[in-house]
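Comments concern the structure below.
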Amino acid sequence: RKSSLNPEAKEFVPGVKY
Amino acid sequence: QEPLTASMLASAPLQEQKQMLGERLYPLIHAMHPALAGKITGMLLEIDNSELLHMLESPESLHTKVEEAVAVLQAHQAKDISPK
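Protein sequences, first through last, are from chains A and B. Residues are numbered in the working numbering as their position in the first sequence, beginning at 1, plus a constant of 19. Residues are numbered in the working numbering as their position in the second sequence, beginning at 1, plus a constant of 16.
Written out as structure tokens, the structure reads:
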């Protein structure tokens, strides 16, 4: 099953404006 | 923290919504994969909010999606490392 998730997605840092 | 509801989310500006969801998802994902938590959360935040809300309510669906993200990351990194 091909995943639709993007490995290049921007990293989320808690407390930092996403 | 009170559970995040759809109406709470809907009342926030769009950009804030992703932030709110990320703040809730991150600790759950960090408990599973500390080293990749930021990356996995970022990947999941690209999914639409209604599905993310569902994952916050259903640990099992969150767990499935996190494992999927780890697999995608590992396949992606394997591609980078493999000799060209």
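Using N, Cα and C, we set each Cβ at its ideal position, and we do this for glycine too. Every value quoted in this text rests on a predicted model; they were computed, and no experiment measured them.
Cβ of H92(B) within 8 Å of any chain A Cβ:
Here residue 92(B) is taken as the residue at index 76 of the second sequence, counted from 1. Contact of H92(B) with chain A is assigned, a C-beta pair being separated by under 8 Å.
For L60(B) versus L41(B), is the C-beta distance shorter than 8 Å?
For the purposes of this step, residue 60(B) is taken as the residue at position 44 of the second sequence. For the purposes of this step, residue 41(B) is taken as the residue at position 25 of the second sequence. Against a cut-off of 8 Å, the Cβ pair of L41(B) and L60(B) comes out as a contact.
Output, in sequence order along the chain, the residues in the region 32–57 of chain B whose CB is closer than 7 Å to any CB in chain A.
Within the region 32–57 of chain B, the residues whose Cβ lies closer than 7 Å to some Cβ of chain A are K34, Q35, G38, E39, Y42, G54, K55 and T57, listed in chain order.
Using the Cβ count rule (16 or more neighbours within 10 Å means buried), how would you classify L78(B)?
Mapped onto the second sequence, residue 78(B) falls at position 62. By the beta-carbon neighbour count (other beta carbons within 10 angstroms, threshold 16), L78(B) is buried.
Check each candidate in P50(B), L20(B), L44(B) and E76(B) and name the one with the smallest Cα separation from Q33(B).
Numbered from its first residue, the second sequence carries residue 33(B) at position 17. Checked all of P50(B), L20(B), L44(B) and E76(B); the closest Cα to Q33(B) is L20(B).
Just to make sure I have the definition right: I need the residues of chain A whose C-beta is within less than 7 Å of the C-beta of A85(B). Which are they?
Taking the second sequence and counting its residues from 1, one reaches residue 85(B) at position 69. Residues of chain A passing the Cβ test: L24.
What whole-angstrom Cβ distance do L25(B) and M36(B) have, given they're in contact under 8 Å?
Here residue 25(B) corresponds to residue number 9 of the second sequence, with the count starting at 1. Here residue 36(B) corresponds to residue number 20 of the second sequence, with the count starting at 1. M36(B) and L25(B) do touch by the CB rule: their CB atoms are close to 6 Å apart, below 8 Å.
Backbone secondary structure at K55(B) - three-state DSSP:
Along the second sequence, one-based indexing puts residue 55(B) at 39. The DSSP-derived three-state label of K55(B) is helix.
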